[in-house]
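Numbering (our numbering), first residue to last: 130 to 433.
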């Protein structure tokens with residue numbers, strides 16, 4: 130029986146051929162070389178298959194083509210094929226710094242109770258140039274479930290998880306009525322049961338471009354995740370937050386993002402959030418959204 134690799138990387142992709150070679154290069158540049166890459170093609174119609182065929186010249190790369198069934202299904206196929214006890218996730222348009230996996234595997238060794246480890250992510254534009262946003266702005270670790278209910282603070286491509294935790298929680302939910310926050314749903318299920326570790330360094334680069342999931346779809350998906358989460362009547366007690374307040378916070382956050390990016394119905398989202406939970410106007414996402422909506426850019430920068 131062959132010895133499993135130190136880490137299995139699940140890269141599920143659909144029509145991301147423009148960025149995929151650079152993403153694959155960032156995997157091959159890792160200081161940890163004992164990895165396998167499960168490259169799951171979710172029914173791409175571009176040059177993904179040709180790029181994957183070239184990548185598979187590296188014996189550590191396993192190409193898993195399949196029909197388009199959406200990313201939750203594709204990622205679960207990757208998890209099912211993974212041989213390692215630790216699974217890393219990467220999207221086909223994102224990038225890793227060379228020491229990313231090494232730092233996370235070291236952290237897992239130092240924190241055996243942690244089931245998930247993430248890094249800070251720096252947003253970059255379509256050409257890889259850094260943007261002002263980093264996520265999360267400040268690292269959180271340990272029992273982060275209550276904080277995670279308030280916002281999805283983790284970028285998928287920054288996460289490694291123990292395979293036992295992924296199996297225990299059932300992986301990505303393929304039945305969610307809208308996609309965009311299926312990763313948040315999984316992180317919530319893991320964080321409710323286990324401590325979370327963090328490498329507080331910008332070792333992941335999250336690419337922002339016009340083909341990202343539309344904001345309206347992400348909001349719809351986030352609402353579906355919260356509805357599912359609060360089916361458990363104990364969630365409000367454990368999270369310290371009622372469902373109405375959680376939904377309002379999510380709408381305030383999207384109002385802030387919409388205003389910052391100069392698009393979308395920022396005022397309508399803010400009004401909806403206030404109507405759903407008036408007390409939420411004093412929350413951090415509400416104050417941030419109102420500052421973006423009401424103040425010109427220069428004074429707003431002074432308040433940041």
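Note that CB positions come from ideal geometry on N, CA and C, so glycine has one too.
Which class does residue i belong to by DSSP, given the choice of helix, strand or coil?
i	result
residue 218	strand
residue 407	helix
residue 160	coil
residue 174	coil
residue 350	helix
residue 382	helix
residue 132	coil
Where do the N-terminal and C-terminal ends of the alpha helix (DSSP H) with residue i fall, by residue?
i	result
residue 292	292 to 298
residue 235	229 to 239
How many angstroms separate the CA atom of residue i from the CA atom of residue j?
i	j	result
residue 296	residue 209	9 Å
residue 298	residue 318	6 Å
residue 291	residue 348	28 Å
residue 392	residue 294	Model confidence at residue 392 stands at a pLDDT of 49, short of 50, so the residue's coordinates are unreliable and nothing is read from them.
residue 254	residue 311	23 Å
residue 344	residue 236	33 Å
residue 316	residue 186	33 Å
residue 352	residue 264	20 Å
residue 404	residue 420	18 Å
residue 133	residue 308	32 Å
residue 275	residue 380	18 Å
residue 205	residue 191	15 Å
What residue range does the beta strand (DSSP E) around residue i cover?
i	result
residue 170	164 to 171
residue 191	190 to 195
Residue j and residue i - do their beta-carbons sit closer together than 7 Å?
i	j	result
residue 224	residue 131	no
residue 137	residue 165	yes
residue 250	residue 335	yes
residue 219	residue 140	yes
residue 314	residue 354	yes
residue 340	residue 202	no
residue 146	residue 171	no
For a test of your reading of the model: does the CB of residue i fall under 6 Å from any non-hydrogen atom of the ligand FAD? Yes or no.
i	result
residue 160	Of ligands this structure carries none, so the ligand FAD is not represented either.
Please give the ranges of any beta strand (DSSP E) in the region 272 to 343, keeping only runs that are unbroken, at least 3 residues long and fully inside the region.
289 to 291 and 325 to 336
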